[in-house]
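What follows is a single structure, written as structure tokens, with notes after it.
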Amino acid sequence: MKKRYYYICMLSVLLLMLVLPTKAASEAEFGKLVKSYTLRTDGSQEMRVQKELTLFTHAAMNGLYGESFIIYNPAYQELKIHESYTRQKDGSIVKTPDNAFVEVLPSAAADAPAYNGLKEMVVVHTGLELGATIYLDYSVITRPGYLPELDICESVEELSPIKEYVLSLSVPDNKPLHYELLNGKMTPVVKTVAGMKTVTWTLKNVQPRPRMLEVSVPAGNMQAVVASTYGSKANALKVLKKQFPVADDKVVAELAQKLTADAKTTDEKVHRLETYIRSLGTCRLSLLQTGYRLRPASEVIRSAYGTIEEKSVLQAALQQAAGIPTEVKAAFLKATDEDAVGLSALNGLFVENQAIADLRDFYAIVNMDAHPVQPAVKPHAISRTDTLKITPEGGKVLAGGYRMYTLPQASEGWAAYEGRMTTLNSQRPVNLLLSYLPDETYTCIVETTGGMVPVALPVVKKIDNNIGTVEVAVKKTGDKIEIFRSLKLKKQLITPTEYPIYYRLMTEWMDTAATTLLF
Numbered sequence: 007m008k009k010r011y012y013y014i015c016m017l018s019v020l021l022l023m024l025v026l027p028t029k030a031a032s033e034a035e036f037g038k039l040v041k042s043y044t045l046r047t048d049g050s051q052e053m054r055v056q057k058e059l060t061l062f063t064h065a066a067m068n069g070l071y072g073e074s075f076i077i078y079n080p081a082y083q084e085l086k087i088h089e090s091y092t093r094q095k096d097g098s099i100v101k102t103p104d105n106a107f108v109e110v111l112p113s114a115a116a117d118a119p120a121y122n123g124l125k126e127m128v129v130v131h132t133g134l135e136l137g138a139t140i141y142l143d144y145s146v147i148t149r150p151g152y153l154p155e156l157d158i159c160e161s162v163e164e165l166s167p168i169k170e171y172v173l174s175l176s177v178p179d180n181k182p183l184h185y186e187l188l189n190g191k192m193t194p195v196v197k198t199v200a201g202m203k204t205v206t207w208t209l210k211n212v213q214p215r216p217r218m219l220e221v222s223v224p225a226g227n228m229q230a231v232v233a234s235t236y237g238s239k240a241n242a243l244k245v246l247k248k249q250f251p252v253a254d255d256k257v258v259a260e261l262a263q264k265l266t267a268d269a270k271t272t273d274e275k276v277h278r279l280e281t282y283i284r285s286l287g288t289c290r291l292s293l294l295q296t297g298y299r300l301r302p303a304s305e306v307i308r309s310a311y312g313t314i315e316e317k318s319v320l321q322a323a324l325q326q327a328a329g330i331p332t333e334v335k336a337a338f339l340k341a342t343d344e345d346a347v348g349l350s351a352l353n354g355l356f357v358e359n360q361a362i363a364d365l366r367d368f369y370a371i372v373n374m375d376a377h378p379v380q381p382a383v384k385p386h387a388i389s390r391t392d393t394l395k396i397t398p399e400g401g402k403v404l405a406g407g408y409r410m411y412t413l414p415q416a417s418e419g420w421a422a423y424e425g426r427m428t429t430l431n432s433q434r435p436v437n438l439l440l441s442y443l444p445d446e447t448y449t450c451i452v453e454t455t456g457g458m459v460p461v462a463l464p465v466v467k468k469i470d471n472n473i474g475t476v477e478v479a480v481k482k483t484g485d486k487i488e489i490f491r492s493l494k495l496k497k498q499l500i501t502p503t504e505y506p507i508y509y510r511l512m513t514e515w516m517d518t519a520a521t522t523l524l525f
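Reading the sequence shown from the start, the letters are residues 7 to 525 in the working numbering.
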């Protein structure tokens, strides 16, 4: 009897192991991650980072966390390493040797001589083994005048879980500070001591962001702290706007005239100027890494490269010089307190950007005076009608004398890339933000000759729900077959609960049986 009871218990445990979802083991774990930002009365700033990270896998030890990277500008900033060592599993301490601190040029500045003064400190962690804990404590101290204000946008989640996450902001008590935790509910602790106001968030057991799934703050699946002492978004934008080229910039005017000399229409002028901008090299340093500085338009033209922001500003200046009304727009992260969003939370400056325009509901888009604007949106509707002739000699020959034909479909359609890349998994633990909402309609007139008889045609179906609609219709008239297929998505932000509905729609839309004919 006891043996039977034992077997029943073991069987129950095994069944539970099969039924209950298992949680993937983490590569590593942050015991503590502390970030503090301080603005002093003289205008100097200090960013301090302290982390304790325990390694669990060889991938974490040899690749993911084997090194730490710190970018700074030695002309205006000083890097101080307060502590760097590894505590091995048996408790022994391995201090990071001097030759494990390696200064290199940031890769983003490699082809941009104007930014070759930047440095990237690579801290090579030594004494690593499974179960070892990395300790790193450093500060980047910025001299007065380099950074205009305290301006941060700090993501919370890392690729590994965090037992305790602490972020603090300290400013003089008389300095206006706006702040907000995006996509989070934790209320910070605010204290004032010796004339300094400190705002602190402490989060426990922060879950990691998925490594293989795209996540973002606009999608609502990442937390971020934004804070600014600019006082307003308009004040922040003034820092950039005052660096724009003047209206009568001679170098810009001459180039605009040269590029558009024999253009017949405004569209042709715009196309030529956009082509020129695309031909320039792109330096992918962030605004923070360049100290929120933009090089003069003449220098961007002379050097034939620029940051994304510099190229956008130059494009606007060229179009204005060519007599085309143009304004630079800015896309910010959305926040309840708009004044908490500074330049660090800027997604980018642009003149026309289809990708940002498609996500206009998920960003705060303004002009350079901080007035809301609606960017121009190009429709993604695809509607095409094709004729497919079925002959005894056409199609792909299959065994048994059958021939297979594939229905025409737009190469830029949703199924070509987006549909497949967003449905790699049948389940999704975080929100999915679609890049745009597809609206596609395909009508194919199939004409048969030579006595060809259809053996397999697409199945008639219609699926309509809150995520979208997929429809397939087949109509036979004599020797002709009309096949109608349509996809229309209604919802751009899809939650994990809604994802199975989206997955089913995409499965039906990309089903090869719906796009192939067998004769």
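C-beta: ideal position from N, C-alpha, C; glycine also.
Between A382, G354 and L324, which lies nearest to K256 when the distance is taken from Cα to Cα?
L324
Between the C-alpha atoms of A405 and R426, what's the straight-line distance to the nearest angstrom?
29 Å
Residue(s) in a DSSP beta bridge with R426:
DSSP output for R426 lists no bridge partner at all.
Leaving out five residues on either side along the sequence, give the residues of the same chain with a beta carbon under 6 Å from the beta carbon of S176.
T44, M202 and T204
V459, buried or exposed, once every other Cβ within 10 Å from all chains shown has been counted against 16
exposed
According to DSSP, W207 sits in a beta bridge with which residue or residues?
L173
In or out: I168 buried (at least 16 other Cβ within 10 Å) or exposed?
buried
Which runs of the alpha helix (DSSP H) spanning at least 4 residues fall entirely within the region 41-89, listed in chain order?
none
Let me know the secondary structure DSSP gives H131 once reduced to three states.
coil
In its own chain, which residues sit with a C-beta less than 7 Å from the C-beta of E33, not counting the 5 before and 5 after it?
F62, T63, A65, A66, L70 and S166
Anyone know if the C-beta pair for Y78 and C289 falls short of 8 Å?
no
My parser needs the beta strand (DSSP E) runs of 3 or more residues fully inside the region 377-439; what are they?
387-396 and 409-412
Three or more beta-carbon pairs under 8 Å between the region 486-503 and the region 429-445, yes or no?
yes
Run through DSSP, which three-state label would F525 get?
coil
Where G400 and A422 are concerned, what is the direct C-alpha to C-alpha distance, given to the nearest angstrom?
24 Å
Between T28 and T429, what straight-line distance do the alpha-carbon atoms span, to the nearest angstrom?
Residue confidence is low: T28 scores 38 on pLDDT, short of 50, so the model does not pin down where it sits. No coordinate-derived value is stated.
Compute the beta-carbon to beta-carbon distance between I469 and E514, rounded to the nearest angstrom, for a pair I have assumed lies under 8 Å.
6 Å
Judging by CA-CA distance, which residue of N373, N180 and V379 is the nearest neighbour of L246?
N373
Pick from C450, T483, N472 and L524 that is closest to S492, judged by C-alpha positions
C450
How big is the Cα-Cα spacing for T92 and L156?
32 Å
Just to confirm before moving on: does the CB-CB distance between V347 and F338 stay below 8 Å?
yes
Within 10 angstroms of its Cβ, does N227 collect 16 or more other Cβ (buried), or is it exposed?
buried
Pick from A262, L294 and G297 that is closest to T281, judged by C-alpha positions:
A262
Three-way DSSP call (helix, strand, coil) for M202 in this model:
strand
Kindly indicate the opening and closing residues of the beta strand (DSSP E) around N353.
L352 to F356
May I ask you to report which of helix, strand or coil DSSP gives P27?
Confidence is the limiting factor: at P27 the pLDDT is only 38, short of 50, which leaves the residue's position unreliable, though a coordinate-based value still follows. Residue state, collapsed to three classes: coil.
Using the beta-carbon count (16 or more within 10 Å), is S389 buried or exposed?
exposed
If you count every other CB in all the chains shown that lies within 10 Å of the CB of I371, and 16 or more means buried, which is it?
buried
Looking at the strands, I want to know which residues DSSP matches up with I99.
R93
From V476 to V129, what does the alpha carbon distance come to, in whole angstroms?
52 Å
Compute the beta-carbon to beta-carbon distance between E58 and F36, rounded to the nearest angstrom, for a pair I have assumed lies under 8 Å.
7 Å
Nearest-angstrom Cα distance between Q360 and S318?
14 Å
Helix, strand or coil: which one does DSSP assign to F368?
helix
At the level of alpha carbons, what is the spacing between G137 and D96?
9 Å
Under the assumption that K340 contacts Y369 (Cβ atoms under 8 Å), give the Cβ distance between them as a whole number of angstroms.
6 Å
Within 10 angstroms of the Cβ of L525, are there 16 or more other Cβ atoms? Answer buried if so, exposed if not.
Checking the sequence shown, residue 525 turns out to be Phe, not Leu. Buried is the call here.
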